[in-house]
Amino acid sequence: MKWNNYIKDYQSYLRIERGLSKNTIENYSFDIERLCLFLENNQIDVSPVKIKDETVQQFIYSVSKEVNARSQARIISGLKSFFNYLVFEDYRNDNPLELIETPKTGRKLPDTLSVEEIDALIAAIDLSSNEGERNRAIIETLYGCGLRVSELVALRISDLFFEEGFVKITGKGNKERFVPVGKFAQRYIEIYQTEIRTKLNIKKGCEDTVFLNRRGGQLTRAMIFTIIKDLAVKIELKKKISPHTLRHSFATHLLENGADLRSIQLMLGHESITTTEIYVHLDRSFLKEVMHSYHPRK
63 MKWNNYIKDY QSYLRIERGL SKNTIENYSF DIERLCLFLE NNQIDVSPVK
113 IKDETVQQFI YSVSKEVNAR SQARIISGLK SFFNYLVFED YRNDNPLELI
163 ETPKTGRKLP DTLSVEEIDA LIAAIDLSSN EGERNRAIIE TLYGCGLRVS
213 ELVALRISDL FFEEGFVKIT GKGNKERFVP VGKFAQRYIE IYQTEIRTKL
263 NIKKGCEDTV FLNRRGGQLT RAMIFTIIKD LAVKIELKKK ISPHTLRHSF
313 ATHLLENGAD LRSIQLMLGH ESITTTEIYV HLDRSFLKEV MHSYHPRK
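Residue numbers for the sequence shown follow my numbering, so the first one is 63 and each next one is one higher.
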């Protein structure tokens, strides 16, 4: 089977033409590799150009026994994308997943933190260490600007426009947006830059990176997850949180205080307003308050 060649071409397409991140490309590739493993285990020798609908349906059926509906939907979506690419490149005339329905998963609303819980997280940071000042700036930036963790670790000094009150963010698909930066985030970034970062032995290639590890290199996504998880344990927070929880809290708190969805969409960098609606859940009391405040027949 010549799956590897097609997969490599597809990965190049995702990287160059669609501008997807390394992590996203790896997730797409994993779905295809899982199909390849199924074919190998069942001794089905067929190329991606010749594979039939029935074979793919057998694979999806086997997957449905192992994973939940959300994971199954992700796998189907990933494979549809791959075969759509093969159709686009004239390797195939049809997509073998065209008639396969994606299972309904509903909307999973992630936990959000209250302002008091965010304050407690920040208060738990040990500011006696160099990492403490950095971590405070990180938490304030994630929450104050609503950034994805990948956007935070890639943030550059040359992206900071504090006089204008903005930071320039390079998001998914290398799309740039300007996000307002609050006074708390700005203040703590400046403290970290002047008091801590200047003392580091900065590695080559990281001179323009805002947040660095203690060895002067770029922070990883995993490090940010660990920082937040450790703080949650420290304050005995029962919720399961991640860097994305701060992004979700940013959007939720803006909406609850009167911001419109379109503005939040622009700040989060969502292509579709429906994505923003998924992130931003409302309790019924807030909806009732909006109704009474703004509807002419309240």
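Idealized CB from N, CA, C, for every residue including glycine.
Range of the contiguous alpha helix (DSSP H) that encloses residue i
i, result
"Glu195", "192–207"
"Arg324", "323–330"
"Val243", "Run containing Val243: none; DSSP gives neither H nor E here."
"Ala186", "Segment: none, Ala186 is in no alpha helix (DSSP H) and carries neither H nor E."
"Ile137", "131–150"
"Asn66", "65–74"
"Ser124", "115–126"
"Lys296", "283–296"
"Arg309", "305–318"
"Cys98", "84–103"
Cβ pair residue i, residue j closer than 8 angstroms
i, j, result
"Arg210", "Gly233", "yes"
"Gly81", "Ile231", "no"
"Ser311", "Leu214", "no"
"Ile162", "Ile113", "no"
"Ile200", "Leu183", "no"
"Phe287", "Leu217", "no"
"Ser212", "Ser334", "no"
"Phe100", "Ser124", "yes"
"Leu76", "Ile87", "yes"
"Asp270", "Ser220", "yes"
"Pro158", "Asp115", "yes"
"Leu9", "Glu339", "For the chain, the structure presents residues 63 to 360; residue 9 sits outside this window and is missing."
Backbone CA spacing between residue i and residue j [nearest angstrom]
i, j, result
"Gly304", "Val241", "The sequence shown places Ser at residue 304, not Gly. Looking at the two C-alpha atoms, the distance is approximately 21 angstroms."
"Arg309", "Tyr153", "41 angstroms"
"Tyr250", "Asn319", "24 angstroms"
"Arg196", "Val177", "20 angstroms"
"Lys142", "Glu95", "14 angstroms"
"Thr314", "Val229", "20 angstroms"
"Ile106", "Asn66", "16 angstroms"
"Ala294", "Lys300", "8 angstroms"
"Lys64", "Cys98", "11 angstroms"
"Ser191", "Cys207", "24 angstroms"
"Ala131", "Asn85", "22 angstroms"
"Phe223", "Gln248", "10 angstroms"
"Ala284", "Arg239", "24 angstroms"
"Arg198", "Ile289", "10 angstroms"
"Leu262", "Asp181", "28 angstroms"
"Lys266", "Glu225", "28 angstroms"
"Thr337", "Leu317", "14 angstroms"
"Gly278", "Cys268", "7 angstroms"
"Gln119", "Tyr90", "18 angstroms"
Extent of the continuous beta strand (DSSP E) to which residue i belongs
i, result
"Val229", "228–232"
"Arg218", "No beta strand (DSSP E) contains Arg218, which DSSP labels as neither H nor E."
Among the options, the one whose alpha carbon lies nearest that of residue i
i, options, result
"Thr307", "Lys291, Lys296, Glu298, Asn192", "Lys291"
"Ile264", "Ile253, Arg276, Tyr254", "Arg276"
"Ser139", "Phe224, Phe92, Asn192", "Phe92"
"Glu298", "Lys70, Glu179, Arg77", "Glu179"
"Val111", "Leu97, Asp156, Thr282, Gln105", "Asp156"
"Gln134", "Pro165, Glu151, Val118, Ala185", "Pro165"
"Ala185", "Ser325, Gln248, Glu226, Lys296", "Lys296"
"Glu193", "Ile253, Asn89, Ile219", "Ile253"
"Thr117", "Glu128, Glu102, Val129", "Glu102"
"Gly244", "Cys268, Leu204, Glu160, Gln280", "Leu204"
"Glu379", "Gly227, Asn89, Val129, Lys237", "Past the edges of the chain, shown from 63 to 360, lies residue 379, and the structure says nothing about it."
"Glu151", "Arg198, Tyr72, Ser126", "Tyr72"
- Query: Do three or more CB pairs link the region 257–269 to the region 142–150 at distances below 8 angstroms?
  - Reply: no
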